[in-house]
Amino acid sequence: MTARILNGKAAAEAYRTKVAEGVAAFVREHGRAPGLEVVMVGDDPASDVYTRNKKKAAEAAGIRGVLHRLPAETSEAELLLRVAALNADPAVDGILVQLPLPRHIDPDRVIDAIDCDKDVDGFTPKNAGLLASGRPNLVACTPKGCMHLLELAGTDLLGARALVIGRSNIVGKPMAQLLLARHATVTIAHSRSRDLADLCREADVLVAAVGRARMVKGDWVKPGAVVIDVGMNRDADGKLCGDVDTAAAAERAAAITPVPGGVGPMTIACLLDITLLAARHRAGAVR
Ligand code: GUN
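For the sequence shown, numbering that gives the first Met the number 0 gives the first residue as 0, with consecutive numbering after it.
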């Protein structure tokens, strides 16, 4: 079997066009564009690319995008002040503080400070808790993008065995919740899990979000499985690759996401959609 390659780039383009239409309708109705403010502290090269792409994509969809580049020496208090100012600004619908933050800043304190109604990452305890309670509001964009890709693959999630490798608040935990909400039988594996290869071999749906280059081997993949690769790593040769050995896994999977061009573009499209949703909520159009 050779897997169907799930083209996240094409799917994201279609999704972004739909969001742009929604944004145009919002502007007609409310006389202002939704506003997304992306805050980055320090100069992590990957974060630099991600945040610039987020701002660019926002603007392409008609969303007012602002990127705040703060120096690495920014204190936690200064960052909290910036978040408070964005919370108070009525023109701001979405606030995204890019992670990771420099070590002297406690990310939990910063996330806790973000207004839940502007938390387009879905990272605040309230939004994460609502998702866990089966009442999703603003949902983390990477897992949301993964769900769209599973839909694109025509995956039957009802009763399916889904394995999520990775337990981060950004991907693993919300991903597991979204799969559970769709009635999958969900297992969360992580760096301490025993017999990971065996767990993988049982999975009809495999979501890898560990951040280790090609850690999931081709023969770990159950024949006919759908594989979603959230990883974005560089191998020993400096080549961009995912958490899954894509070429080998594609020999067994029914469908698989490439890296790059799979999950990444869908994440950004979802961020735009969630920003529009936050704007609509705040404008009172949807409650
Ligand atoms: N760092 C890596 N992914 C993300 C994300 O989805 N949101 C934020 N804020 N930081 C990240």
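Don't be surprised by glycine CBs; every beta carbon is placed ideally from N, CA and C.
query, result
"Under 8 Å between C-beta atoms of A253 and D92", "no"
"Residues bridged to V185 (per DSSP)", "A161"
"Length of the line joining the Cα atoms of E250 and A11", "25 Å"
"T310 CB to nearest heavy atom of the ligand GUN below 7 Å", "The structure shown has nothing for residue 310, since the chain only spans 0 to 286."
"Buried or exposed (CB count within 10 angstroms, at least 16 for buried), H147", "buried"
"CA-to-CA distance, G261 to C145, given in whole angstroms", "9 Å"
"Within 8 Å, strictly: CB atoms of T266 and P257", "no"
"Three-way DSSP call (helix, strand, coil) for D118 in this model", "strand"
"Boundaries of the beta strand (DSSP E) in which H67 is found, first to last residue", "63 to 69"
"Sequence-distant residues of the same chain with beta carbon closer than 6 Å to E201, five excluded per side", "R160"
"Beta-carbon spacing of G263, V209 below 8 Å", "no"
"Closer than 7 Å: V96 CB and nearest the ligand GUN heavy atom", "yes"
"Distance between V38 and A83 (C-alpha atoms, nearest Å)", "12 Å"
"N- and C-terminal bounds of the alpha helix (DSSP H) containing M174", "171 to 180"
"Start and end residues, beta strand (DSSP E) containing V36", "Going by the sequence as given, residue 36 is Glu instead of Val. Where E36 is concerned, the enclosing beta strand (DSSP E) stretches over 34 to 40."
"Residues near P142 by beta carbon distance below 7 Å, same chain, minus five either side", "V170, P173, M174, L177"
"Spatially closest choice to T291 from V204, S132, D228, by CA coordinates", "A question about residue 291 goes unanswered here, because the residues of the chain that appear run from 0 up to 286."
"D107: CB within 7 Å of a non-hydrogen atom of the ligand GUN", "no"
"Opposing strand residues paired with D228 [DSSP bridges]", "A207"
"Simplified DSSP assignment, three categories, for G305", "Beyond the ends of the chain as shown, which are 0 and 286, falls residue 305; an answer cannot be given."
"Straight-line Cα distance separating G64 from G283", "21 Å"
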